[in-house]
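Just so you know, we're using the working numbering here: the sequence shown kicks off at -14 and counts up by one.
Think of the CB as a built atom: it goes at the ideal place given N, C-alpha and C, for glycine as much as any other residue.
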Amino acid sequence: MGRLKDKLAQVLAGHRQELQNLLKSSGTKAVDQVTAEQIFSGARGIHSLLCDTSSVPPDKGLIIRGHPIAELTELFPEEIFYLLLTGEIPDKADVEEIRGEFSRRAAVPDYVWHVLDALPADSHPMCMLNTAILSMQRDSVFARKYEEGMPKDQYWEATLEDALNIIARMPAIAAWVYRKRFKKGPRLDGDASLDWAANYAHLLSVADMKGGFPSLMRLYMVLHCDHESGNVSAMTAATVNSALSDLYYSLSAGLNGLAGPLHGLANQECLTWLMETMKKYGGVPTVEQITRDAEETIAAKRVVPGYGHAVLRVTDPRFSAFVEFGKAHCADDPIFKSVLNVYEAVPKVLKKYPKIKNPWPNVDAASGALLAHYGLTEQRYYTVLFAVSRSLGICAQAILARGLGQPIIRPTSVTTSWLKKACS
Ligand code: CMX
């Protein structure tokens, strides 16, 4: 891991110095203000976290290290991981090094399979994935070295070791969660000649590897990799990580947040909503029919999944990237056609409700249709795919936080009477 480690050591040294200078010259300068409303509503919009892997301007969407996500869709996830960590697009030798590390570390300990065997057969796939990750905590390099008295300036290297081990094992674990949970046959062996995402596609074995499925997996793994650090999963992982809990603890904690229907589980909910609508109308629903159903959903005090966002105020560029993929690979697929009709109908409905701040689709609105096209029809599995990809960003953020020596996260809560007094 010489190339990546050397590069990171260099990047972190410069970054640490830059931050130290900034804090020394302007550390007490007020850079934001907080309203009572923000305190009640999930700290929405308060600038209070440091994250350099990516940013999400409301009018643009995901930007990774200065590159809009739409410009990165041809990259491999290995390249994205390097970019998230270092801020640079890797060269061929860097990619080969990472790919080699992922393949060298891919073997999953047998006890993980036994842990999965012990879970009830109808467990949610996200519960299975997160339990498997947590069960491997005993292998944490960070935890072992910390117990041995590792000095602080080596924390990031031990966290990098944990990250590489987890990411390397993730495709085999996640693929087995799918095959076991949905009774798809025996566990398959990985193929070391394939890149990380294609190997995941191979291990899932839902579609012919000669068709578009490996390309969809690459795109999927790139598009979901990171979304700055204020979202539920990233912020949870960062908080747990800040207590010097190792990555096995912090990643599984973050991914438990991803399993919520307002966050990553929305991709499962999306296809469910779409399929119900298609079933009701016996095929591709018209824009008028979807309009009616969306209005009914809101009247029933439910959310239309895949639409709206806490930060974004435009169509999510990740949704657009999936739509482009769909137009190129499965334009005539009825589920994909339905996604396009939903896109035409739902924003117009949501715009009628002033309280809904963003009527546009998010990343979850199109991905399920593409997965279903290739035969991955088990919606309950979809958040696992999101989780495998998001592990890249969560791990990168944890390594950088350790490398920058970020302290334990500890904001201060207030009581309602404090708030009343402050407002009076
Ligand atoms: N359908 C119906 N109502 C919606 C809505 C939608 N798609 N999006 C927002 N609203 C409602 C909210 O539920 C809220 O209602 P109440 O005031 O009654 O509680 C109101 O509009 C204001 O919400 P907001 O400020 O626009 O959005 P939030 O920041 O509170 O929530 C989000 C953002 C994503 C949770 C919300 O838009 C939502 O529930 N969308 C559907 C679920 C979804 O697609 N989630 C995936 C997001 C991407 C991800 O994180 O993975």
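Judged by beta-carbon spacing, V191 lies within the 9 Å limit of L361, meaning their Cβ atoms are closer than that value. Sequence-distant partners of R1 (beyond 5 residues in either direction) whose C-beta falls short of 8 Å from its own C-beta, in its chain, are G388, L389 and G390. Three or more Cβ pairs closer than 8 Å define a contact, and the region 221 to 238 falls short of that threshold against the region 198 to 213.
Exposure of L35 is indicated by the presence of fewer than 16 other C-beta atoms within 10 angstroms of its C-beta. Boundaries of the alpha helix (DSSP H) harbouring Q2: G(-13) to S11, taken from the DSSP string. For V308 against A251, the beta-carbon gap comes to about 17 Å, at or over 8 Å, which does not count as contact. Counting only residues of its own chain and dropping the five nearest sequence neighbours on each side, P319 has a CB closer than 8 Å to the CB of M263, G268 and V269. CA-CA distance, E280 to D176, rounds to 47 Å.
If you ignore the 5 residues before and after M155, its C-beta comes within less than 7 Å of the C-beta of V373 and S376, all in its own chain and listed in chain order. From the listed residues F321, A381 and L335, the smallest Cα separation to D278 is found for L335. Taken in chain order, the whole alpha helix (DSSP H) runs of length 4 or more contained in the region 213 to 245 are 217 to 227 and 232 to 243. Within the model, the alpha-carbon separation for I341 versus K406 is close to 30 Å. One thing to note: P62 has its Cβ within 9 Å of the Cβ of M206.
Listed as beta-bridge partners of S39 by DSSP are I49. Beta-bridge annotation (DSSP): P346 is paired with Y292.
Our two residues, Q253 and L8, have alpha carbons roughly 43 Å apart in a direct line. Under the three-state reduction of DSSP output, L188 falls in the helix class. Its chain contains K(-8), L(-7) and V(-4) as the residues whose beta carbon lies nearer than 7 Å to that of T71, once the 5 sequence neighbours on both sides are disregarded; these appear in chain order. In chain order, L68 place their CB closer than 6 Å to the CB of I74, counting only its own chain and leaving out the 5 sequence neighbours on each side. In the three-state reduction of the DSSP assignment, R298 falls in the coil class, being assigned neither a helical nor a strand state.
At least one heavy atom of ligand 1 sits closer than 8 Å to the Cβ of S26. No Cβ-Cβ contact shorter than 9 Å links L355 with C408.
Under a 10 Å Cβ-count criterion, T221 is classified as buried, with 16 or more other Cβ atoms of the shown protein chains found around its own Cβ. Of all alpha-carbon atoms in H248, P94, F321 and Y338, the one lying nearest the alpha-carbon of K286 is that of Y338.
Q23 has its alpha-carbon roughly 28 Å from the corresponding atom of A381. In the DSSP assignment, P199 falls within the alpha helix (DSSP H) that extends over F198 to L208. When DSSP states are grouped into helix, strand and coil, L247 belongs to the coil group.
A check of alpha carbon separations from K265 across S323, P94 and G197 identifies S323 as the nearest. At least one heavy atom of ligand 1 falls within 8 Å of the beta-carbon of R287. For the options T400, S11, L47 and W403, the alpha carbon positioned closest to that of N216 is the one of L47.
A check of alpha carbon separations from D301 across Y366, D174, L101 and P42 identifies P42 as the nearest. Ranked by how close their Cα comes to the Cα of W98, the residues K77, M121, R90 and F87 have M121 in first place. Taking non-hydrogen atoms of ligand 1 into account, the C-beta of G215 is found less than 8 Å away from none of them. Under the DSSP assignment, A128 falls in the alpha helix (DSSP H) whose first and last residues are V126 to E132.
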